[in-house]
Amino acid sequence: MIRDITIGQYYPVDSVIHRLDPRTKLFGTLVYIVSLFCFDNFLGFVAAAAFFAGIVILSKVPFSYICRGLRPIIILLMFTVLFNIFFTPGRILLQWKFIKITYEGLYRAGFMGVRLILLILGSSMMTFTTTPTQLTDGLERAMSPLKIVRFPVHDIAMMMSIALRFIPILLEETDKIMKAQQARGADFETGNIFHRAKALIPIFIPLLVSAFRRAFDLAMAMEARCYRGDKGRTKLHPLRYKFRDGIAYLYFAVYIAVIILLRKWI
Numbered sequence: 474m475i476r477d478i479t480i481g482q483y484y485p486v487d488s489v490i491h492r493l494d495p496r497t498k499l500f501g502t503l504v505y506i507v508s509l510f511c512f513d514n515f516l517g518f519v520a521a522a523a524f525f526a527g528i529v530i531l532s533k534v535p536f537s538y539i540c541r542g543l544r545p546i547i548i549l550l551m552f553t554v555l556f557n558i559f560f561t562p563g564r565i566l567l568q569w570k571f572i573k574i575t576y577e578g579l580y581r582a583g584f585m586g587v588r589l590i591l592l593i594l595g596s597s598m599m600t601f602t603t604t605p606t607q608l609t610d611g612l613e614r615a616m617s618p619l620k621i622v623r624f625p626v627h628d629i630a631m632m633m634s635i636a637l638r639f640i641p642i643l644l645e646e647t648d649k650i651m652k653a654q655q656a657r658g659a660d661f662e663t664g665n666i667f668h669r670a671k672a673l674i675p676i677f678i679p680l681l682v683s684a685f686r687r688a689f690d691l692a693m694a695m696e697a698r699c700y701r702g703d704k705g706r707t708k709l710h711p712l713r714y715k716f717r718d719g720i721a722y723l724y725f726a727v728y729i730a731v732i733i734l735l736r737k738w739i
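Numbering-wise (the numbering used here), the sequence shown opens with residue 474 and increments by one.
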């Protein structure tokens, strides 16, 4: 189960999307996320899915690998769907005692479920195709105008990069701890939800200790290398826009135009 979590992990492959400037991918991801909240019908989601399908094809990341990122949010997805089914007023389709299922509830549940799925898949594509170093550089350059108001741009970008870098490390550490506990007779699969939650305590404590130890080691390593933020630092690979980035921005512009037309005509 732990190995199936792909959120925050980089998928190494040579593709057009991988070679794009990280600022281009940040802009595209932002446009895609905002667009999902602009639609009020399923036709808009069809356009968003078509846009995302084109990105997936160009990225060469297997669709099955991308869908594995949905497993950690299955409970959240089910809760969202059920909440909308049972608590949305409207024309009653089925009623049993105090439980009511309405036409509007089913429509709303499907609408919110599709939106959540597209939101997770679309945002995950950013980390699938961008290394933590590239993401740090892209965030720092994108937020560089905020330096005028003394916003700690470099520090924020570095913290986000470190957080993403630690996701696969902590997942691997969790998997090792779970296997060690299972070898000693621990059972994480049987019992009700309270028993399973109690059984996870022997995992969280050593994982928390390991996380603090890794953070301390990282801080010591950065200090030993005289890390002092972005003062006096230069880039080994400076970010520069290329022709393919212009094509990508044109692709985003077409998508934005489609969004505007759908909202105007439908």
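We put the beta carbon where it would ideally sit given N, CA and C, even for glycine.
Note that the structure is predicted; figures quoted are calculated from it, not measured.
Within its chain, find whatever has a CB closer than 6 Å to the CB of residue i; leave out the 5 residues flanking it on each side and keep chain order.
{"i": "Y728", "result": "F524"}
{"i": "K620", "result": "V626"}
{"i": "W738", "result": "none"}
{"i": "V486", "result": "K533"}
{"i": "L735", "result": "G517"}
Short of 8 Å in beta carbon distance, which residues of its chain neighbour residue i, apart from the five on each side in sequence? Order them along the chain.
{"i": "M599", "result": "K498, L499, T502, L608"}
{"i": "L531", "result": "S488, V489, I490"}
{"i": "G563", "result": "T575, Y576, E577, G578"}
{"i": "L550", "result": "L543, G586, L589, I590"}
{"i": "L592", "result": "I506, L509"}
{"i": "R717", "result": "V489, R492, L493"}
Could you pull out every residue in the same chain whose Cβ sits closer than 7 Å to the Cβ of residue i, ignoring the five residues on either side in sequence?
{"i": "N557", "result": "G578, R581, A582, M585"}
{"i": "P675", "result": "Q654, A659"}
{"i": "A684", "result": "L643"}
{"i": "M631", "result": "T609"}
{"i": "I565", "result": "K573, T575"}
{"i": "I528", "result": "I490, M598"}
{"i": "G702", "result": "H627, D628"}
{"i": "M693", "result": "none"}
Mind checking residue i: buried by the 16 CB within 10 Å criterion, or exposed?
{"i": "H491", "result": "buried"}
{"i": "G517", "result": "buried"}
{"i": "S537", "result": "exposed"}
{"i": "D628", "result": "exposed"}
{"i": "L637", "result": "buried"}
{"i": "A730", "result": "exposed"}
{"i": "I695", "result": "Note on identity: in this sequence residue 695 is Met, with Ile being the wrong assignment. It is exposed - the Cβ of M695 has fewer than 16 other Cβ atoms within 10 Å."}
{"i": "A526", "result": "exposed"}
{"i": "A726", "result": "exposed"}
{"i": "P605", "result": "buried"}
{"i": "I548", "result": "exposed"}
{"i": "L691", "result": "exposed"}
{"i": "A795", "result": "Residue 795 is absent from the structure shown; the chain starts at 474 and stops at 739."}
{"i": "I732", "result": "buried"}
{"i": "F512", "result": "buried"}
Are the C-beta of residue i and some C-beta of chain D separated by less than 8 Å?
{"i": "F661", "result": "Structure shown: chain D not included; a single protein chain is present."}
Could you tell me which of the options sits nearest to residue i, measuring between CA atoms?
{"i": "K570", "options": "M633, V587, F559", "result": "F559"}
{"i": "K573", "options": "L555, I528, L589", "result": "L555"}
{"i": "V489", "options": "W738, A721, A726", "result": "A721"}
{"i": "F639", "options": "R736, H668, L680", "result": "L680"}
{"i": "R686", "options": "E646, K737, F510, I530", "result": "E646"}
{"i": "K652", "options": "F667, N665, S634, L673", "result": "L673"}
{"i": "L493", "options": "Y724, I732, I678", "result": "Y724"}
{"i": "V682", "options": "I650, M693, F667", "result": "I650"}
{"i": "F689", "options": "I635, P485, F661", "result": "I635"}
{"i": "R541", "options": "D513, Y484, N514", "result": "Y484"}
Just confirm the distance between the C-beta atoms of residue i and residue j, as a whole number of angstroms; I'd bet it's less than 8 Å.
{"i": "T603", "j": "P495", "result": "5 Å"}
{"i": "T553", "j": "L589", "result": "6 Å"}
{"i": "F677", "j": "R669", "result": "13 Å between Cβ atoms; not a contact."}
{"i": "I546", "j": "F601", "result": "Incorrect: roughly 16 Å between the Cβ atoms, too far for contact."}
Problem set entry | Inter-stretch contact at 8 Å, needing at least 3 Cβ pairs: the region 605-623 / the region 707-716 | yes
For this session: Determine, using beta-carbon pairs with one atom in the region 587-603 and one in the region 502-515, whether at least three such pairs fall under 8 Å.
Result: yes
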